[in-house]
Amino acid sequence: MTVETKRLYDKDYIEQFSQERYEPEWMKSLRLHALEQVDVLELPTPDKTNIGKWNFSRFKHTAQGETISSLEALPEKLKDFIDLENIPENVLIQRNQSVAYSTLSKELKDKGVIFTDIFTALREHEDLVKRYYMKDAVSVDEHRLTALHAALMNGGIFVYVPKNVQIEEPLQTIYWQEDPEVALFNHVLVVAEESSSLTYVENYISHNDEQETVANVITEVIAQNNAYISFGAVDNFAAGTTTYMNRRGVAYRDATIDWAFGQMNDGNTVFENETHLIGDNSSTHPKTVSVGRGRQIENFTARTVHHGKDTESFILQHGVMRDKATAIFNAIGKIENAATRSNAEQESRVLMLSDKARGDANPILLIDENDVTAGHAASVGRIDPLQLYYLMSRGITREEAENLIIFGFLEPVVDQLPIPSVQKQLRQVIERKVN
Amino acid sequence: MSGSVLEIKNLHVSVEDKEILNGVNLTIKGGEFHAIMGPNGTGKSTLASAIMGHPHYEITEGSVLLDGEDVLQMDVDERARAGLFLAMQYPSEISGVTTSDFLRTAINARRGEGNEISLMKFIKEMDSVLDELDVDKNMAQRYLNEGFSGGEKKRNEIVQLMLLKPAIAILDEVDSGLDIDALKVVSKGVNKMRSDDFGCLMITHYQRLLNYITPDYVHVMMQGRIVKSGGPELAERLEAEGYEWIKEELGIEDETVGQKA
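Right, dumping it as structure tokens:
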């Protein structure tokens, strides 16, 4: 794989790519350094899933996308993702690697909020991006995929909320891989300064059921002291896309990061979500729902790492597997030494709808401190025949009763997504995937 | 139009190869209220579950007909749509499904496609039933039976009964675990259903319920079959004298299932 990637995307290619985008020198150096690492580093080894033969190298690296003049002129394939009756004020749509549409309310602009694509941010807010880009959350040299990401990063966004600024209206992004072969090396960087708050929601969309490509996405979310970040995401990559999705947060004193994820990809997926609770009294609540179908293989890891005292985390993962789909749900709560009075809770549940579906929930608690509380719950099972009997005894057909149970199983997480239109759209996707 | 007829003929039911019911015969017509009484372990709840189609029970002999149609050939949902209803002793908890969504889905399942109840009408009907049964309206937005107290679950069963308006209802120990105020409220709801189009079979081992819902017929179950039938006076005598006299009269030593007279 490395040979192939290197042949296509070598030092010269990356230098030129960086130059064409007027990137600062440090960014170009970071890319070139990362490219060297690609050869040296191994693939990551997610627990219980072998990704050695997955496609991380066959893709096209660049593609442009046409602009979208207004949300009224939204292409059909995106219509479900935006609430057109209640037009959102702050939206960015990335079409392939071009910004197709972008708005930010004047009020937020005046307050110093930054909500712009990563390349513009590199030019206009270079110092801020440089301060955070692959520094405190994800490192370039963790494994081959982080290095490959850093070398080939080709899209993404920078969100910055200054100190004491509270954003009520959500910020919403849509990343649309319109070209069926283009890869997405997207980098999302969200920074909330002290005592600020924001809600950010993103959607990934592609329609390449046949053509193969790759999504290698890294998201870094930084919550400074006393900041609050509500981060929602629905991933809808089509069957042809192999996905490596890494979303990582760092929370300082009194900060909270709440995550809500709808994992609705149809292709093979490794999803890692990790939150470092650095500051005392920081907390995180990562919630994930997923529906697996076809022959896809997925590996989900939610990890919380407690460094500060009085930190709290609650991981909730619910997955429904049908057909021949396989999914591993790892939930890891780690409490470091001296993180006294911390609390790490987790719950992972998998519901299997067919005999050939496979699911596994691995609850893991790693605790290096005595004065803490922790708890876990995990289950893998099928639809309870007594629940079905109860619903059917009221005249509800078996099919509809199963749907109620499946939706109910996923609802506690869907309900947590911060934007109603995104909730609604996720319910539609679930319905499509379940039936 | 007069009500439906549920005929139970020579019904034999087993659980895991153990015979629980051995030859139950009973006919319930629209307009009639029947009570089945009996000590614990005599097969009363098995009868209710077997008629509804509970997956753990196997019918080994006999028949159940609703207006001449073979109930035992129907799936559970078809039995419900044909007009049967069972208020369960232990209703399931369904996480993530609000009580109100469930009720609306159940009502629409009966009404059929293209004839769905409007949201306004549904809310109106549901609110009026909740008021009648003195149930906190919050219940509608809570997940179905999840975290409900025993009394709330029982009331929820009666909420469903009143909204779904079945032809024949079976109430399986709907009185157990209810305090006297709750029992009065539940009874009021059931009594309101009384009409020529509604037949009811109450299963209980306390005569107390029958003080509030007067039965037309009372049956005593022992050893997995009905051993004695009579009018409301039978329930009163059971209340006053207990079950011993029946056992003596019939020569029964152990009234539980699996015993032979």
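As you go down the protein sequences, you meet chains A and B in turn.
Straight run, no breaks: the first sequence in our numbering ends on number 419.
Straight run, no breaks: the second sequence in our numbering ends on number 817.
All C-beta atoms in this analysis are idealised placements derived from N, C-alpha and C, irrespective of residue type, glycine included.
Bear in mind the structure is a predicted one, so any value in this text is a computation, not a measurement.
Pick from B:770, B:792, B:563 and B:608 that is closest to residue 625 of chain B, judged by C-alpha positions: Numbered from 1 along the second sequence, position 69 holds the residue referred to as residue 625 of chain B. Checking every option, the nearest Cα to that of residue 625 of chain B belongs to B:563.
Residues near residue -15 of chain A in its chain [Cβ-Cβ closer than 6 angstroms; skip 5 each side]: Indexing the first sequence from 1 puts residue -15 of chain A at position 1. Note that residue -15 of chain A scores 45 on pLDDT, short of 50, meaning its location in the model is unreliable; the coordinates nonetheless yield the value given after this. Closer than 6 angstroms at the Cβ level, and outside the excluded window around residue -15 of chain A, lie 41.
If you measure beta-carbon to beta-carbon, which residues of the stretch 589 to 614 of chain B are closer than 7 angstroms to chain A? 608, 610 and 611
Under a CB-based cut-off of 7 angstroms, is residue 376 of chain A close to chain B? As a position in the first sequence, residue 376 of chain A is number 392, starting the count at 1. Yes, its Cβ sits closer than 7 angstroms to a Cβ of chain B.
If you run the structure through DSSP and keep just helix, strand and coil, what is residue 749 of chain B? Locating residue 749 of chain B in the second sequence gives position 193, where the first residue counts as 1. Helix, per DSSP.
Would you say residue 246 of chain A reaches chain B, if we count a Cβ-Cβ gap shorter than 7 angstroms as a contact? Position 262 of the first sequence, counted from the first residue, corresponds to residue 246 of chain A. No, residue 246 of chain A does not count as interfacial toward chain B.
Taking its Cβ as the centre, do 16 or more other Cβ atoms sit within 10 Å of residue 119 of chain A, making it buried, or is it exposed? As a working mapping, residue 119 of chain A is identified with position 135 in the first sequence. So residue 119 of chain A counts as exposed.
By how many angstroms is the C-alpha of residue 685 of chain B removed from the C-alpha of residue 133 of chain A? What you label residue 133 of chain A is simply residue 149 of the first sequence in a count that begins at 1. What you label residue 685 of chain B is simply residue 129 of the second sequence in a count that begins at 1. C-alpha separation (whole angstroms): 59 angstroms.
Straight-line gap, residue 405 of chain A to residue 66 of chain A (C-alpha atoms, nearest Å): By one-based count along the first sequence, residue 405 of chain A stands at place 421. By one-based count along the first sequence, residue 66 of chain A stands at place 82. C-alpha separation (whole angstroms): 7 angstroms.
How about residue 200 of chain A and residue 106 of chain A: do their beta carbons lie closer than 7 angstroms? For this step, residue 200 of chain A is matched to residue 216 along the first sequence. For this step, residue 106 of chain A is matched to residue 122 along the first sequence. Not in contact: residue 200 of chain A and residue 106 of chain A (Cβ atoms no closer than 7 angstroms).
Return helix, strand or coil for residue 687 of chain B, following the three-state DSSP convention. Residue mapping note: residue 687 of chain B aligns to position 131 of the second sequence, counting from 1. Helix, per DSSP.
Quick check for students: name the residue ranges of the beta strand (DSSP E) that lie wholly in the stretch 72 to 149 of chain A, counting only runs of 3 or more. 75 to 79, 82 to 87, 98 to 101 and 139 to 145
I need the DSSP call for residue 742 of chain B, collapsed to helix, strand or coil. As a position in the second sequence, residue 742 of chain B is number 186, starting the count at 1. Looking at residue 742 of chain B - three-state DSSP - the assignment turns out to be helix.
Under 9 angstroms, CB to CB, which of the residues in the stretch 59 to 93 of chain A have a partner in chain B? none
Ordered along the chain, which non-local residues of its own chain (more than five positions away) have a Cβ less than 6 angstroms from that of residue 305 of chain A? To locate residue 305 of chain A, count along the first sequence from 1; it is residue 321. Excluding sequence neighbours, residue 305 of chain A sits near 276, 311, 336, 341 and 343.
Reduced DSSP secondary structure (H/G/I, E/B, other) of residue 10 of chain A: To locate residue 10 of chain A, count along the first sequence from 1; it is residue 26. Correct three-state label for residue 10 of chain A: helix.
Once you ignore the five residues that flank residue 775 of chain B on each side, which residues in its own chain have a CB closer than 6 angstroms to its CB? Translated into the one-based positions of the second sequence, residue 775 of chain B becomes position 219. Closer than 6 angstroms at Cβ, skipping near neighbours: 592, 782 and 785.
Excluding the five sequence neighbours on either side, which residues of its own chain have a C-beta within less than 6 angstroms of the C-beta of residue 260 of chain A, listed in chain order? Start at 1 with the first residue of the first sequence, and residue 260 of chain A comes out as number 276. Counting only Cβ-Cβ distances below 6 angstroms, and skipping sequence neighbours, we find 234 and 289.
Report buried or exposed for residue 694 of chain B, applying the criterion of at least 16 other Cβ atoms within 10 angstroms of its Cβ. Here residue 694 of chain B refers to the residue found at position 138 of the second sequence. So residue 694 of chain B ends up on the exposed side.
Output, in sequence order along the chain, the residues in the stretch 333 to 345 of chain A whose CB is closer than 9 angstroms to any CB in chain B. none
Contact criterion: CB-CB distance below 7 angstroms. Does residue 380 of chain A meet it with respect to chain B? To locate residue 380 of chain A, count along the first sequence from 1; it is residue 396. Yes, residue 380 of chain A counts as interfacial toward chain B.
Tell me whether residue 3 of chain A is buried or exposed, calling it buried when 16 or more other Cβ atoms sit within 10 Å of its Cβ. Counting from 1 along the first sequence, the entry for residue 3 of chain A is found at position 19. Residue 3 of chain A is exposed by the Cβ-count criterion.
Sufficient close CB pairs (3 or more, under 8 angstroms) joining the stretch 751 to 766 of chain B to the stretch 584 to 600 of chain B: yes
Which same chain residues, not among the five before or five after residue 614 of chain B, have their C-beta less than 8 angstroms away from its C-beta? Along the second sequence, read from residue 1 onward, the residue named residue 614 of chain B stands at position 58. Once the five neighbours on either side are set aside, the close Cβ partners of residue 614 of chain B are 569, 570 and 571.
Name the chain A residues that come within less than 8 angstroms of residue 705 of chain B, Cβ to Cβ? The count along the second sequence starts at 1 and reaches residue 705 of chain B at position 149. Simply none; closest approach about 18 angstroms.
Residue 316 of chain A by DSSP, collapsed to three states: which one? Taking the first sequence and counting its residues from 1, one reaches residue 316 of chain A at position 332. Strand at residue 316 of chain A.
Report buried or exposed for residue 6 of chain A, applying the criterion of at least 16 other Cβ atoms within 10 angstroms of its Cβ. Position 22 of the first sequence, counted from the first residue, corresponds to residue 6 of chain A. Exposed, because fewer than 16 other Cβ atoms sit within 10 Å of the Cβ of residue 6 of chain A.
Sort A:-7, A:282 and A:373 by Cα distance to residue 31 of chain A and report the nearest one. Within the first sequence, residue 31 of chain A is the residue found at index 47, counting from 1. Residue A:282 is the option with its Cα nearest to residue 31 of chain A.
Count the other CB atoms within 10 Å of the CB of residue 108 of chain A; is the residue buried (16 or more) or exposed (fewer)? Counted from its first residue, the first sequence places residue 108 of chain A at position 124. Residue 108 of chain A comes out exposed.
In chain A, what lies closer than 7 angstroms to residue 662 of chain B by C-beta? Taking the first residue of the second sequence as position 1, residue 662 of chain B is located at position 106. Simply 378, 379 and 380.
Determine the direct distance from the alpha carbon of residue 90 of chain A to that of residue 76 of chain A, and round the result to whole angstroms. Within the first sequence, the letter at position 92 stands for residue 76 of chain A. Within the first sequence, the letter at position 106 stands for residue 90 of chain A. C-alpha separation (whole angstroms): 15 angstroms.
Assign residue 302 of chain A to one of two classes, buried (16 or more other C-beta atoms within 10 Å of its C-beta) or exposed (fewer than that). By one-based count along the first sequence, residue 302 of chain A stands at place 318. Looking at its Cβ environment, which holds 16 or more other Cβ atoms inside 10 Å, residue 302 of chain A is buried.
Are any of the Cβ atoms in chain B nearer than 7 angstroms to that of residue 412 of chain A? Walking along the first sequence from the start, residue 412 of chain A turns up at place 428. Chain B contact via Cβ: absent.
Is the stretch 41 to 57 of chain A close to the stretch 141 to 156 of chain A, with three or more CB pairs under 8 angstroms? no
Label residue 122 of chain A either buried or exposed according to how many other C-beta atoms from any shown protein chain fall within 10 Å of its C-beta, with 16 as the threshold for buried. The residue you call residue 122 of chain A lines up with position 138 of the first sequence. With 16 or more other Cβ atoms within 10 Å, it is buried.
Taking C-beta to C-beta, are residue 193 of chain A and residue 223 of chain A nearer than 7 angstroms? Start at 1 with the first residue of the first sequence, and residue 193 of chain A comes out as number 209. Start at 1 with the first residue of the first sequence, and residue 223 of chain A comes out as number 239. Going by C-beta atoms, residue 193 of chain A is nearer than 7 angstroms to residue 223 of chain A.
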